[in-house]
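This report refers to the structure that appears directly beneath it.
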Amino acid sequence: MTNLNDSNLKTNSISFSDFPEDVQLCILSFLTPSEIATFACTSKRFVSLCRSDNKLWFSLCDRRWGSKTQIKKWGNGKVTFKQLYKTLIEYEDLIGFWRRSGQDNNARFSRPPPLVFFEWGPSFVTGSRVSPSKTGTYRVLKAPFLWLSIMPSGSPVSFLDPECKFELSSDFVKSAELGLLENELVPVNVSFMGKIYMVVEENLSFVYSNLNSPEGRKIGFRRNSSLGNLQGEDYGVVESGSSGSLPDRFTSEIYQYFANRTSPVGERALRRQRRREKERQGRRKWEPEHFVKIVNCSPSPSKPLQGLWKGICDDMNLDFYLVAYDDIGGIACRRTWQELLRILSSVEGRIWQYKNGTFGFGFLRNNYIIDLKHIAQDGCILDTMKTCSV
730 MTNLNDSNLK TNSISFSDFP EDVQLCILSF LTPSEIATFA CTSKRFVSLC
780 RSDNKLWFSL CDRRWGSKTQ IKKWGNGKVT FKQLYKTLIE YEDLIGFWRR
830 SGQDNNARFS RPPPLVFFEW GPSFVTGSRV SPSKTGTYRV LKAPFLWLSI
880 MPSGSPVSFL DPECKFELSS DFVKSAELGL LENELVPVNV SFMGKIYMVV
930 EENLSFVYSN LNSPEGRKIG FRRNSSLGNL QGEDYGVVES GSSGSLPDRF
980 TSEIYQYFAN RTSPVGERAL RRQRRREKER QGRRKWEPEH FVKIVNCSPS
1030 PSKPLQGLWK GICDDMNLDF YLVAYDDIGG IACRRTWQEL LRILSSVEGR
1080 IWQYKNGTFG FGFLRNNYII DLKHIAQDGC ILDTMKTCSV
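With the working numbering applied, the sequence shown corresponds to residues 730 to 1119, in that order.
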């Protein structure tokens, strides 16, 4: 019988410093920036390792996004990996499906479809408007309209194509630096309110001539701190944008209210501000657009039918459906552009789940079955058709 107290069976303890540096970096890449800062305080020997941009911060970026995008190409390869991490951690919340919320105020352009899909590109994130094709097949129209990247200075940058006709150059950041996108695209701010609500609004303070200037750093991406950062971490992302967004306007009105009560010139200042607001509205090319994220857009083992699906209706037109489970195990289905479809108790139907994970449903009143297929899988839209306009 083996004696556990036998000295021959005792193993020597191994400290973290005994591991090779590549192993140390691999382990640290699983930590958050705040956890790494805490770890660096445990020993002076680890301070230099935790401050290494090309080693530690590259490892963090590579482990998290290396399989999804080419991290060395972001910012033309000139941005530090620490700055890149701060930006990509924000962009990561965009990935997936979003649905436009509220009215479309851009009347001069054709009404865009409500469904939007964000995905990783080689050195940028692309947002595409997604709509059913009119060919009577399961093909899907995908029209890119929004691009987000980062400048070599570390400033996030975002551009929008209102008509979905722009063909993206492989050197997107270089084109933005030189101001070549001025006549093609609209500079915008992408503002998060929490993690599932987003506003895209034109950046009227954008400066093309010098993106490395303090004015040029105002471009791009921000998280609205007035409504909270659900991640609980602030990475110092630049917050800026045109006046007229809801939080900015509300805060401004509060300041003006107290200014009018304490200053005799407060009324004149308020009139000047309103005049400047009207001038900016006159220069605006794009009205703010609001989006809500579709959180459960894919099936799960416990909810195999949930998510976004596409199916050909009895009129032979393709349509998109959002299927969700309620708290008592019921299933609700709606088209992406309609309110909830409430099935009456007098209407009998059936659901068929197939071996490949897809399913179909039909009603006995018309004997027609709508077979549903996935819209996207593994982060990519399936059965896409290229289009220059939607």
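Backbone N, C-alpha and C define an ideal beta-carbon position, used for all residues, glycine too. It should be emphasised that the depicted structure is a prediction, and the values quoted were computed from it without experimental measurement.
How close, in whole Å, do the beta carbons of I1110 and K871 come, if the pair is a contact with beta carbons under 8 Å? 5 Å
D1048 bridges to which residues according to DSSP? G1040
Which residue wins for smallest C-alpha separation from V915, given the options G923, V886, C1026 and L1047? Closest option to V915, Cα to Cα, is V886.
Could you spell out the range, first to last residue, of the alpha helix (DSSP H) harbouring V752? It spans E750 to L757 - the alpha helix (DSSP H) in which V752 sits, taken as one unbroken run.
Per the DSSP calculation, V917 is bridged to which residue(s)? E931
Alpha carbon to alpha carbon, how far is G1036 from E819? 24 Å
Through-space distance from C770 to L844, alpha-carbon basis: 46 Å
Can you tell which of I1057, N918 and S934 has its C-alpha closest to the C-alpha of K1032? I1057
Using the C-alpha atoms, what's the distance from V928 back to F1020? 6 Å
Nearest-angstrom Cα separation, counted from L1051 out to A1061: Annotation: A1061 to L1051 spans about 8 Å, alpha carbon to alpha carbon.
State the beta-bridge partners of Y679 as determined by DSSP. Outside the modelled stretch of the chain, which goes from 730 to 1119, sits residue 679, for which no answer is possible.
Residue from F826, Y1097, F768 and K1014 with nearest C-alpha to S857: F826
Close-in-space but distant-in-sequence residues of the same chain around L1101 (CB under 7 Å, 5 per side omitted): So the list reads W1038, K1039, G1040, Y1050, T1087, F1088 and G1089, once near-sequence residues are dropped.
Can you tell me whether C1129 is buried or exposed, with buried defined as 16 or more other CB within 10 angstroms of its CB? The question about residue 1129 has no answer here: the residues shown for the chain are numbered 730 through 1119.
Can the beta-carbon of Y814 be found closer than 8 Å to that of C779? no
Backbone secondary structure at P873 - three-state DSSP: strand
Quick one: is Q812 near chain C, going by C-beta distance under 8 Å? This model lacks chain C altogether, as it is built from one protein chain only.
Give every residue of the same chain whose Cβ lies closer than 8 Å to the Cβ of K801, excluding the five residues on either side of it in the sequence, and list them in chain order. none
Let me check one thing: in DSSP terms, what residues is Q1106 bridge-paired to? DSSP output for Q1106 lists C1109 as bridge partner(s).
Measure the C-alpha to C-alpha separation of N1025 and Y867 and round it to an integer number of angstroms. 22 Å
Quick check on the DSSP output: what are the complete beta strand (DSSP E) runs of length 3 or more inside the segment 842-869, in order along the chain? 844-849 and 854-861
As assigned by DSSP and simplified to three states, the class of G957: A caution first: G957 carries a pLDDT of 35, below 50, which makes its placement in the model unreliable, though a value can still be read off. The three-state secondary structure of G957, taken from DSSP, is coil.
Using only the alpha-carbon positions, how far apart do F787 and I743 sit? If you take the alpha carbons of F787 and I743, they lie about 26 Å apart.
Considering only DSSP beta bridges, list what K1022 is partnered with. W827
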